[in-house]
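Residue numbers for the sequence shown, in this note's numbering: 3 to 408. Note that CB positions come from ideal geometry on N, CA and C, so glycine has one too. A quick note: this is a predicted structure, and the numbers were derived from the prediction, not measured. Accompanying notes for the structure given below.
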Amino acid sequence: MADARRLRNLQMAFREAAYARYVAGNSVSLVGNWMQRTATGWLAWDLTGSSAWLGIVAFADLFPALLIGPVGGVLADRHDRRLLMLAFQSAMFAVAILLWLAAGAGMLGIHLLLVLTTLHGVLVGLNQPARLSLIPQLVRGDLIGPAIAINSMVFNGARFIGPAIAGLIIASFGTSWAFFVNALTYIPFLLALSTIRPIPDERHATRAPFLTQIAEGIRYVFDNQGIRGLFVLIVAGALLIRPLGELLPALADGVHGMGAAGLAMLSASLGLGAILGGLAVATMESEPGIPALLRWLTGAALAAIAVALAPNFALSLLFTALAGICLVGSGVNAQTMMQLAVPGELRGRVMSLFGITFRAAPAIGALALGALADAIGIRFALLCGAVAFMILPILRHGGLRRLIGR
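This is the structure:
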């Protein structure tokens, strides 16, 4: 009964025309975004054969959010979020075209790749707070929860579906074609953003300095015990488990000797798991919460351990799919809790901090695990990350409950 009611609420959200257009365009764009990340990762591996360079390129794309994300959060709370997204998405479209042209002309060396990837990361850091906080302005009040859940599934599912598609394109046609398809994916979202009209929310005009407003968002997170505990779990999972996706090229080629075809299959496996994880959250879990998030992250850690220990490629595919299921389950759960808990006047700033953890923490993890993989091998590096998550003191002896005040 509860599952049927949950599905009806999800269907009702799609009857809101502006929201339906937004989700359709956003889905395509996010898949393209993660296609680009896979293509840049594979090109970095192909050019250098180094797990450390894989980590550096991932770091360049994700880490700028740590520096620029809070600025994007203030902009999202001060200005029209739709217009901000139109501006930043147009700039990201231009970067995507440059990547395609440079790759097609054979001019995309590792240093130019690093520059363009960093520029893309800066733009994403500015854009993401508006992207994450616009959803409640696209549906009526009683549908905000289901709308956020759908957007969370899209946001987290694209993280794994995009790499699956990119892997297939790279294996079949080459890296430049993956960049070309990514550039095309910006068009539907730009068209959608140009036609929707968001509902005004409860934000208040302010002339407070940028740094003051950034501090308000950070203070809210640290003063709210539930939000603080949620962030701790998100950061731990992002640092120690999520880099699995960034390091798939090293696993596919360096361990199993399967080249681009192996990357395509592993990415597809992760993508299939993402789809199944999204369906599981939509149909089986009644309410998001800290205990559910902890279960999903523990499952992801166990799956990553299994990937690291898998004796053959077939089992690696299976365990990678299980990791995809659990990672998407954890991401949807965390984002839905965050969106529902934060007031509208702070949503842009708090979601910018969420975006930082979602993007910058895996970058730091990929950088560290990539360097570790060059020293001790990719299997042991993945194993170290997952085991470290499992034995964190915060997850033992009631530490999490004490942290969040429960």
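Could you tell me the boundaries of the alpha helix (DSSP H) in which residue 130 lies? Numbered from its first residue, the sequence shown carries residue 130 at position 128. Per DSSP, residue 130 belongs to the alpha helix (DSSP H) from 112-135.
Three-state secondary structure (DSSP) of residue 29: Position 27 of the sequence shown, counted from the first residue, corresponds to residue 29. Correct three-state label for residue 29: helix.
Can you give me the Cβ contacts of residue 190 inside the same chain, cut-off strictly under 6 Å, excluding the 5 residues immediately before and after it? The sequence position of residue 190 within the sequence shown is 188, counting from 1. Result list for residue 190: 27, 30, in chain order.
To the nearest angstrom, report how far apart residue 45 and residue 314 are at their CA atoms. Residue numbering aside, residue 45 sits at position 43 when the sequence shown is read from its first letter. Residue numbering aside, residue 314 sits at position 312 when the sequence shown is read from its first letter. About 25 Å.
For residue 3, does the three-state DSSP call read helix, strand or coil? Taking the sequence shown and counting its residues from 1, the one referred to as residue 3 is at position 1. Reliability of the predicted coordinates at residue 3 is poor, the pLDDT of 48 falling under 50, and no value is obtained from them.
Is residue 231 near the ligand SAM, going by C-beta to nearest heavy atom under 7 Å? For the structure depicted, the ligand SAM is absent and the ligand set is empty, with no information on it obtainable.
Host alpha helix (DSSP H) of residue 244 (start-end): Locating residue 244 in the sequence shown gives position 242, where the first residue counts as 1. Looking at the DSSP string, residue 244 is not in any alpha helix (DSSP H), and its letter there is neither H nor E.
Following the continuous alpha helix (DSSP H) through residue 394, name the residue where it begins and the one where it ends. In the sequence shown, the residue the question calls residue 394 occupies position 392. Looking at the DSSP string, residue 394 is not in any alpha helix (DSSP H), and its letter there is neither H nor E.
How do the segment 53-66 and the segment 239-251 stand: do at least 3 beta-carbon pairs fall below 8 Å, yes or no? yes
Using CA coordinates, which residue listed in 265, 230, 367, 319 is at the minimum distance from residue 336? Here residue 336 refers to the residue found at position 334 when the sequence shown is read from its first residue. Out of 265, 230, 367, 319, 230 has the C-alpha closest to the C-alpha of residue 336.
If you drop the 5 nearest sequence neighbours on each side, which residues of the same chain put their C-beta closer than 6 Å to that of residue 116? Start at 1 with the first residue of the sequence shown, and residue 116 comes out as number 114. So the qualifying residues of the chain are 62.
From what residue to what residue does the alpha helix (DSSP H) around residue 299 run? Residue mapping note: residue 299 aligns to position 297 of the sequence shown, counting from 1. 292-311 is the span of the alpha helix (DSSP H), which, as asked, contains residue 299.
In chain order, what residues of the same chain have a beta carbon less than 6 Å from the beta carbon of residue 60, not counting five sequence neighbours either side? The sequence position of residue 60 within the sequence shown is 58, counting from 1. Same-chain partners within the cutoff: 248, 365, 368.
Would a C-beta distance cut-off of 8 Å place residue 276 and residue 382 closer than the cut-off? Translated into the one-based positions of the sequence shown, residue 276 becomes position 274. Translated into the one-based positions of the sequence shown, residue 382 becomes position 380. For residue 276 and residue 382, no; Cβs fall outside 8 Å.
Classify residue 17 as buried or exposed, calling it buried when 16 or more other Cβ atoms lie within 10 Å of its own Cβ. Position 15 of the sequence shown holds residue 17. Residue 17 comes out exposed.
In terms of residues, what are the limits of the alpha helix (DSSP H) holding residue 196? Residue mapping note: residue 196 aligns to position 194 of the sequence shown, counting from 1. In the DSSP assignment, residue 196 falls within the unbroken alpha helix (DSSP H) covering 177-197.
Rounded straight-line distance, which links the Cα of residue 353 to that of residue 135: Here the question's residue 135 lines up with position 133 in the sequence shown. Here the question's residue 353 lines up with position 351 in the sequence shown. In a straight line, the C-alpha of residue 135 is about 7 Å away from that of residue 353.
Do you know whose CA, among 39, 141, 194, lies nearest residue 165's CA? Numbered from its first residue, the sequence shown carries residue 165 at position 163. Nearest of 39, 141, 194 to residue 165, Cα basis: 39.
Kindly list the residues whose CB is nearer than 6 Å to the CB of residue 420, restricted to its own chain and excluding five residues on each side of it in sequence; keep chain order. Here the chain has residues from 3 to 408 only, and residue 420 is not among them.
Beta-carbon contacts of residue 34 that lie in its chain and below 6 Å, excluding the five residues immediately before and after: For the purposes of this step, residue 34 is taken as residue 32 along the sequence shown, with counting starting at 1. Only 184, 187 meet the Cβ criterion.
Contacting residues, own chain, Cβ-Cβ under 8 Å from residue 114 (five flanking each side not counted): Along the sequence shown, read from residue 1 onward, the residue named residue 114 stands at position 112. If we look at residue 114 and ignore the five residues flanking it on each side, its Cβ neighbours are 104.
Reduced DSSP secondary structure (H/G/I, E/B, other) of residue 35: Residue mapping note: residue 35 aligns to position 33 of the sequence shown, counting from 1. Note: residue 35 maps to helix in three-state DSSP.
I'd like the list of long-range same chain contacts for residue 282, defined as Cβ closer than 8 Å, with 5 residues on each side in sequence excluded. Here the question's residue 282 lines up with position 280 in the sequence shown. So the qualifying residues of the chain are 327, 331.
Is the distance from the Cβ of residue 157 to the Cβ of residue 32 below 8 Å? Your numbering for residue 157 matches position 155 in the sequence shown. Your numbering for residue 32 matches position 30 in the sequence shown. Cβ atoms of residue 157 and residue 32: closer than 8 Å.
Selection from 377, 371, 78, 23 that minimises the alpha carbon distance to residue 216: On the sequence shown, residue 216 is found 214 positions in, with the first residue counted as 1. Residue 216 has its Cα closest to that of 78, out of 377, 371, 78, 23.
Starting from residue 52, trace the alpha helix (DSSP H) in both directions and tell me its first and last residue. Along the sequence shown, read from residue 1 onward, the residue named residue 52 stands at position 50. Taken as a continuous stretch (DSSP letters only), residue 52 belongs to no alpha helix (DSSP H), as it is neither H nor E.
Own chain, CB closer than 8 Å to residue 25, minus 5 neighbours either side, in chain order: Taking the sequence shown and counting its residues from 1, the one referred to as residue 25 is at position 23. For residue 25, where only same-chain residues beyond five positions count, the Cβ hits under 8 Å are 16, 152, 153, 156.
So, for residue 322: in the same chain, excluding its five sequence neighbours on each side, which residues have a beta-carbon less than 6 Å away from its beta-carbon? Start at 1 with the first residue of the sequence shown, and residue 322 comes out as number 320. Excluding residues within five positions, the ones whose Cβ falls inside 6 Å are 268, 271, 272, 309.
Mind checking whether residue 359 and residue 233 have CB atoms under 8 Å apart? Reading the sequence shown from its first residue, position 357 is the one you call residue 359. Reading the sequence shown from its first residue, position 231 is the one you call residue 233. At a Cβ-Cβ threshold of 8 Å, residue 359 and residue 233 count as neighbours.
Option nearest residue 109 by Cα separation, candidates 95, 49, 70, 90: The count along the sequence shown starts at 1 and reaches residue 109 at position 107. Minimum Cα distance to residue 109 is reached at 49.
If you measure between the beta carbons of residue 75 and residue 350, is that distance less than 8 Å? As a first step, residue 75 is located in the sequence shown; it is residue number 73 there, counting from the start. As a first step, residue 350 is located in the sequence shown; it is residue number 348 there, counting from the start. Residue 350 sits close to residue 75, with the two beta carbons spaced by under 8 Å.
Under 8 Å by Cβ, that's how I've got residue 125 and residue 94 pegged, so tell me the actual separation to the nearest angstrom. On the sequence shown, residue 125 is found 123 positions in, with the first residue counted as 1. On the sequence shown, residue 94 is found 92 positions in, with the first residue counted as 1. Sure, about 5 Å apart at Cβ, within 8 Å.
Between which two residues does the alpha helix (DSSP H) harbouring residue 321 extend? Locating residue 321 in the sequence shown gives position 319, where the first residue counts as 1. That run of the alpha helix (DSSP H) goes 315-343.
Can the beta-carbon of residue 171 be found closer than 8 Å to that of residue 179? Residue numbering aside, residue 171 sits at position 169 when the sequence shown is read from its first letter. Residue numbering aside, residue 179 sits at position 177 when the sequence shown is read from its first letter. Yes, the Cβ-Cβ distance between residue 171 and residue 179 is below 8 Å.
DSSP three-state label for residue 250, please. The residue given as residue 250 occupies position 248 in the sequence shown. Three-state DSSP puts residue 250 in a helix.
With DSSP run on the structure shown, which of helix, strand or coil describes residue 17? The residue you call residue 17 lines up with position 15 of the sequence shown. Secondary structure of residue 17 (DSSP, three-state): coil.
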